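Protein chains in written order, with the numbering used here: chain A, 2 to 306; chain B, 23 to 368.
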């Protein structure tokens, strides 16, 4: 111990970017690595899979309907003879896209409202009142009303698929930011009284840079956690909407729609519920693990331990 | 001290008031104030260290923070280097920030845990100077040299340092903009004794080299005796006595100062045996409901009737010595009535 000089180690780190430290720490988190691998596998198979798999998700082969797993149809076929593997891959694209976009919207909204209401005392009352209002609204009926009201006009201007995508993503986004906003506000209120914020004020740092430099990096952990949970909630909410028949058009596959269709045949062909259910659970679980690992890796106090 | 008596003060605080409102009830109505600082006045001359002492909760830190306008003060004026600070608009205040900086009490809490040492020390440079990346790094290294930090530490995070080293980072940050005036808010209270001496010596060394003026807030009387040129004693939001260090420690006039100083143990066991500390009875009254008359009247061993009625005025004893106590205003009136210069009869 005593004869190891300190300098070479320190010299080495000065040249490295801190993102390498983040990656090094992320690599030590087994669950996060495993989650990243699974998530990457799911994303790759839903994006590249349709290019390799010859059967179209909407192709109807009525003679092969309700067939079990076979070489021609590894996941079997549904009641119209459509290949379930192809539908799973096409549905996955939509579900993951919905999950990521809705999560981004809800986290952006939640962080914005949380930081603003925590940092600026004057806006706190109004914004938290708004948050409570949204929390008190019954979300599913609200979503249904939004879908009813706006589906037609959006479909007309953007086409049925893109229109529904925008509608669903924004509907989920603006009904799920409240948790994030509340958590972020609480953290910001606590951080605001810390002395390093006071030190920044004594330097003359304006509020905007104070938030970007001192507040946001320190509320990253709760934001990260609610973001990963948000993906899960968004996928499940989309499934619920599709399940109720109010999401995408009936012939347009998503994981939620596949679940909905399979429920009618739960008695005869239970394996059809299994595949979309498994895909949703695996995606949610892997994203949660990635978020866990990222949160640890981004915290310099945990890093290098 | 006597030879710089006529010098123009760098920091001039007059009747500074900082009230924190109390809201209560269904409609959050304003029901009262916590009078953390209630009419404080003092001057600090260039190159001088004013020690500000008092027990916990007497408003020392609030004075320090209000002087730098980290709080929006309720009343009074603060003038630093000829600029009015207390009521100026925030935008024009920003350009004045470089001349006044602060060193904080808790070195753990005063450093952002997600920033490296280089970016912490560099933050004031980013805000107020336009430097190229190389100049910026050179300045950061220079500051780290000044406070005795190894340059290799620049890329590390605050949690990797000991308390003393963290406080050095905080000092380097405060020095980055070449300030004239630094408020040291109990900079050594969170450090252990051996490190305290190092940090205090560093502060003195920097004062000499960079011609700094300190407001040194502390509850550690021996440390104040070591570093301060003049000492102000606070009790419950007011300054009760200001005097040069020698005068204050040799001959405290205000009963509160006497009690405070009598609590300091003597290093000599012989005199320690004969030391009779003045033990004050009762607790500090609430700053939201201070007693009528003198704030100290509820605990003062020499309390008189007048103390409970009338707030004592600040009397100037010359040579920068001021005391706010009825004991002395009365003796002044009886013994030296014709010649008594009522300079600050507020």
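Cβ atoms here follow ideal geometry from the backbone N, Cα and C, with glycine treated the same way. The structure presented is a predicted model; accordingly, all values stated were derived computationally and were not measured.
Express the C-alpha separation of residue 80 (chain A) and residue 63 (chain A) in angstroms, rounding to a whole number.
Taking the straight line from one Cα to the other gives about 8 Å.
Please determine, among B:68, B:250 and B:318, the residue with the shortest C-alpha to C-alpha distance to residue 332 (chain B).
Nearest to residue 332 (chain B) by alpha-carbon distance, out of B:68, B:250 and B:318, is B:318.
Touch test, the stretch 269–286 of chain B against the stretch 100–113 of chain B, Cβ-Cβ under 8 Å, three pairs minimum
Contact fails: fewer than three Cβ-Cβ distances are below 8 Å.
Would you list, in sequence order, the uninterrupted alpha helix (DSSP H) runs of no fewer than 4 residues that lie entirely inside the stretch 271–320 of chain B?
Taking 4 residues as the minimum length, the alpha helix (DSSP H) runs contained wholly in the stretch 271–320 of chain B are 277–284 and 291–296, in order along the chain.
Beta-carbon proximity list for residue 221 (chain A), same chain, < 7 Å, skipping 5 on both sides
Contacts found: 299.
Using a Cβ-Cβ distance under 9 Å, would residue 12 (chain A) count as near chain B?
Bear in mind that the predicted position of residue 12 (chain A) carries a pLDDT of just 42, short of 50, making it too unreliable to give a figure here.
Residues that residue 404 (chain B) contacts on chain A, provided the C-beta gap is smaller than 7 Å
Nothing about residue 404 (chain B) can be read from this structure; chain B reaches only from 23 to 368.
According to DSSP, residue 102 (chain B) sits in a beta bridge with which residue or residues?
B:33 and B:105, per the DSSP bridge assignment.
Interface partners of residue 261 (chain A) on chain B, CB under 7 Å
Chain B residues near residue 261 (chain A): none, gap ~45 Å exceeds 7 Å.
Please report the distance separating the alpha-carbon of residue 74 (chain B) from that of residue 217 (chain B).
In a straight line, the C-alpha of residue 74 (chain B) is about 21 Å away from that of residue 217 (chain B).
Check whether chain B comes within 9 Å of residue 253 (chain A), counting only Cβ atoms and requiring the distance to be less than that.
Interface residue (Cβ-Cβ distance to chain B less than 9 Å): residue 253 (chain A) is not classified as such.
Closest by CA to residue 50 (chain B), which one among A:259, A:287 and A:126?
Comparing alpha-carbon positions, the option among A:259, A:287 and A:126 lying closest to residue 50 (chain B) turns out to be A:126.
Between B:118, B:300 and B:176, which lies nearest to residue 202 (chain B) when the distance is taken from Cα to Cα?
Each of B:118, B:300 and B:176 was checked against the Cα of residue 202 (chain B), and the nearest Cα belongs to B:118.
Does the stretch 93–100 of chain B come into contact with the stretch 230–237 of chain B, if we say contact requires no fewer than three beta-carbon pairs (one atom in each stretch) closer than 8 Å?
By the criterion of at least three beta-carbon pairs nearer than 8 Å, the stretch 93–100 of chain B is not in contact with the stretch 230–237 of chain B.
Counting only C-beta atoms, is residue 6 (chain A) closer than 9 Å to chain B at any point?
Here the model assigns residue 6 (chain A) a pLDDT of 43, short of 50, so the residue's position is not dependable, and the following value carries that caveat. Not one chain B Cβ lies under 9 Å of residue 6 (chain A).
For residue 76 (chain A), does the three-state DSSP call read helix, strand or coil?
Coil.
In the DSSP assignment, find the alpha helix (DSSP H) that holds residue 201 (chain A) and state where it starts and stops.
Unbroken alpha helix (DSSP H) run through residue 201 (chain A): 196–204.
Residue 93 (chain B) - DSSP class collapsed to helix/strand/coil:
The answer is coil: DSSP assigns residue 93 (chain B) none of H, G, I, E or B.
Nearest by alpha-carbon distance to residue 208 (chain A): which of A:225, A:223, A:189 and A:224 is it?
Comparing Cα positions, the closest option is A:189.
Would you call the CB atoms of residue 135 (chain B) and residue 68 (chain B) closer than 9 Å?
Not in contact: residue 135 (chain B) and residue 68 (chain B) (Cβ atoms no closer than 9 Å).
In whole angstroms, what separates the C-alpha of residue 246 (chain B) from that of residue 114 (chain A)?
Distance between residue 246 (chain B) and residue 114 (chain A), taken at the CA atoms: about 46 Å.
Quick one: is residue 179 (chain B) near chain A, going by C-beta distance under 9 Å?
It does: the Cβ of residue 179 (chain B) has a partner Cβ on chain A nearer than 9 Å.
Can a CB atom of chain B be found closer than 9 Å to the CB of residue 171 (chain A)?
Not flagged as an interface residue toward chain B: residue 171 (chain A), since no C-beta distance is shorter than 9 Å.
Can we say the stretch 130–150 of chain B touches the stretch 192–201 of chain B, given the rule of at least three CB pairs closer than 8 Å?
The way I'd put it, the stretch 130–150 of chain B does touch the stretch 192–201 of chain B; three or more beta-carbon pairs between them come closer than 8 Å.
Short Cβ contact (9 Å threshold) for residue 90 (chain B) with residue 137 (chain B):
No, these two residues do not count as a Cβ contact at 9 Å.
Please name the residue or residues paired with residue 100 (chain A) in a DSSP beta bridge.
For residue 100 (chain A), which the question treats as bridged, DSSP gives no partner whatsoever.
Take residue 325 (chain B) and list the residues in its own chain whose beta-carbon comes closer than 6 Å to its own, dropping the five residues that flank it on each side.
Contacts found: 319.
Pull the bridge partners of residue 343 (chain B) from the DSSP assignment, please.
Residue 343 (chain B) pairs with B:340.
Under 8 Å Cβ-Cβ, which residues of chain A neighbour residue 123 (chain B)?
Residues of chain A passing the Cβ test: 203 and 204.
Spatial distance of residue 33 (chain B) from residue 211 (chain A) (CA atoms):
Looking at the two C-alpha atoms, the distance is approximately 28 Å.
Taking 9 Å as the CB-CB limit, is residue 199 (chain A) close to chain B?
Interface residue (Cβ-Cβ distance to chain B less than 9 Å): residue 199 (chain A) is classified as such.
Residue 109 (chain A) to residue 103 (chain A), Cα distance in whole Å?
Spanning the two alpha carbons is a distance of roughly 10 Å.
For chain A, find out if any of its Cβ atoms is closer than 9 Å to the Cβ of residue 237 (chain B); answer yes or no.
Judged by the 9 Å Cβ criterion, residue 237 (chain B) is not in contact with chain A.
Where residue 122 (chain B) falls: helix, strand or coil (DSSP):
In this structure, residue 122 (chain B) counts as strand in the three-state DSSP scheme.
Please determine if the stretch 85–92 of chain A and the stretch 42–60 of chain A are in contact, where contact requires at least 3 C-beta pairs separated by less than 8 Å.
Taking 8 Å as the limit for Cβ pairs, the verdict is that the stretch 42–60 of chain A does touch the stretch 85–92 of chain A.
Which runs of the beta strand (DSSP E) at least 3 residues long sit entirely within the stretch 145–188 of chain A? Give them in chain order.
The DSSP assignment places no complete beta strand (DSSP E) segment of no fewer than 3 residues inside the stretch 145–188 of chain A.
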